[in-house]
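Residue numbers (this note's numbering): 26 to 273.
The block underneath contains the structure these notes are about, expressed in structure tokens.
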């Protein structure tokens, strides 16, 4: 008999009770649950990828911080999230409560110019399923933008050699933050191509070495791995950022 889908909801359930206005990371009082500066970086990438007023779907929208940022930039936004109580913008942004482990591409009566999936694929059991559903949610020529912890960064590789788990994928991350599925750039590329996407492009965001302050031996080892790996420096940041296009 098959087991039930693994969904780690503890942290997500608590997000709705956070005092968002007092948080250091917020956008207009809406909590940002991502690495400092990532939402700004994503906003810049979205501006590069999409035409003004494009119709975008924000997956795992959380409080709505990124949804509001993108709406303020002139995009038309629909938001999905597992925890309905966390989303604070139901009066101004269309919202659906959705378990992204399940089929979601037919929920809307329209297709989207773009799908934004920031820091969610690592929380799901089946990344291939998510990417297929994203593909089916897009108009021909539509694009996807995905971010996830970059297990190919040199610090993450050093952690794997030393501890047997990647950065952001320790038992603590698994149990408290719900990071259950690490995805490398190699496999992300395969998943996107298998789903039918083209023009796959990788960049990265954030300094992975920030966590090694006061740990000189590990920092030296990670620097050595950075030198030895064939992965380009632009793709060695803490967060993987990948975009792709559905063919016309």
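Backbone N, C-alpha and C fix where the C-beta goes; we use that ideal spot for every residue, glycine too.
If you're wondering where the values come from, they're calculated on a predicted model, not measured in any experiment.
Under 7 angstroms, do residue i and residue j count as touching if we go by C-beta distance?
i	j	result
residue 96	residue 109	no
residue 203	residue 148	yes
residue 177	residue 210	yes
residue 250	residue 174	no
residue 100	residue 79	yes
residue 82	residue 169	no
residue 183	residue 265	no
residue 172	residue 144	yes
residue 259	residue 74	no
residue 159	residue 152	no
residue 56	residue 157	no
residue 52	residue 94	yes
residue 88	residue 111	yes
residue 270	residue 224	yes
Residues in its own chain within less than 7 angstroms of residue i by CB, not counting five upstream and five downstream?
i	result
residue 117	none
residue 273	165, 166
residue 92	83, 86, 102, 104, 114, 118
If you run the structure through DSSP and keep just helix, strand and coil, what is residue i?
i	result
residue 98	coil
residue 107	coil
residue 84	strand
residue 203	coil
residue 51	strand
residue 116	coil
residue 128	coil
residue 275	In the structure as shown, the chain begins at 26 and stops at 273. Residue 275 is therefore absent and cannot be evaluated.
residue 61	coil
residue 238	coil
residue 68	helix
residue 190	coil
residue 216	helix
residue 208	coil
residue 79	coil
According to DSSP, residue i sits in a beta bridge with which residue or residues?
i	result
residue 172	143, 266
residue 122	106
residue 226	268
residue 163	137
residue 56	51
Tell me whether residue i, by its Cβ, gets closer than 6 angstroms to a heavy atom of the ligand NAD.
i	result
residue 113	Absent from the structure shown: the ligand NAD. Ligands present: none.
Excluding sequence positions up to five away, which residues of its chain have a Cβ less than 8 angstroms from the Cβ of residue i?
i	result
residue 237	180, 243, 244, 247
residue 135	80
Counting only the same chain and skipping the five closest in sequence on each side, list residues whose C-beta sits under 6 angstroms from that of residue i.
i	result
residue 72	none
residue 120	104, 112
Requested in this report: Say whether the region 125-139 touches the region 231-243, bearing in mind that this needs 3 or more beta-carbon pairs closer than 8 angstroms, one atom from each stretch.
Outcome: no
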